[in-house]
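These notes are about the structure you will find just below.
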Amino acid sequence: MTQMITSWHSGQRKAYCVECADSLPEVQAELEKAEDEDLLEISNQPEDAQGEECTACHRQISQVRDEPHSYRMKVTITFECEIDVEAASCVEAQSFVRETLSTIHLEESKEALQTELEENVTMAETARIKDCFYEVGPAKRVPPDQDADLS
Ligand SMILES: [Zn+2]
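Just so we're aligned: 42 in the working numbering is position 29 of the sequence shown, and the numbers increase by one with no gaps anywhere.
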């Protein structure tokens with residue numbers, strides 16, 4: 014397998030071999046920017062690399078051996094939830110929700126998400142949900158016309 018990574022970051026076409034893409038910090042930084050801007054192309058077609066020279070090491074990209082490795086990255090997925098509670102004051106509403114969150118079980122949700130990631134992220138080997146964070150924002154009074162209980 015020969016992989017060629019091409020960046021069009023800052024309007025210049027630059028091709029890289031996998032060794033440089035994985036080991037040189039300046040190449041990694043460039044490829045990350047190109048990926049953010051959607052100016053990155055990854056080709057695993059040997060014919061695409063034919064006659065292409067790596068911008069960093071000047072070797073023929075078709076001569077660079079590559080093998081698949083395992084790569085690990087940290088992913089943070091945020092769910093933003095809205096909860097309405099009945100209380101006599103903002104502070105009571107917040108402290109009620111905060112206390113309740115520490116007692117409910119999110120284990121099943123964690124397992125479901127883990128399965129979802131493992132089954133659907135292309136090329137995923139394993140996924141582990143390491144931690145679950147939550148943050149309770151300030152409570153605000155719900156206007157009477159939006160109050161589900163009183164309608
Ligand atoms: Zn190279």
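C-beta atoms are modelled at their ideal positions from N, C-alpha and C, and glycine is treated no differently.
Distance check between V104 and each of K153, L37, D51 and C30 places K153 closest, using alpha-carbon atoms only. In terms of side-chain proximity, the C-beta atom of C30 is found nearer than 6 angstroms to a non-hydrogen atom of ligand 1. Here the C-alpha atom of A47 lies approximately 9 angstroms from the C-alpha atom of T19. The three-state reading of DSSP puts L37 in coil, since its state is none of H, G, I, E or B.
Contact between I74 and T15 holds, since their C-beta atoms are separated by about 7 angstroms, short of 8 angstroms.
Secondary structure note for L119: it is in no beta strand (DSSP E), with a DSSP letter that is neither H nor E. Judged by the Cβ position, C145 fails to qualify as a neighbour of ligand 1 at the 6 angstroms threshold, every heavy atom of the ligand being at least this far. Residue state for S75 is assigned as helix, using DSSP reduced to three classes.
The DSSP-derived three-state label of K46 is helix. Scanning I90, E112 and Y84 for the CA closest to the CA of D144 turns up I90. When the five nearest sequence neighbours on each side are left out, the beta carbons in the same chain lying within less than 8 angstroms of the beta carbon of A137 are those of L130 and E131, in order along the chain. Cβ contact annotation for A100 (same chain, cutoff 7 angstroms, sequence separation greater than five): A106 and F109, in chain order.
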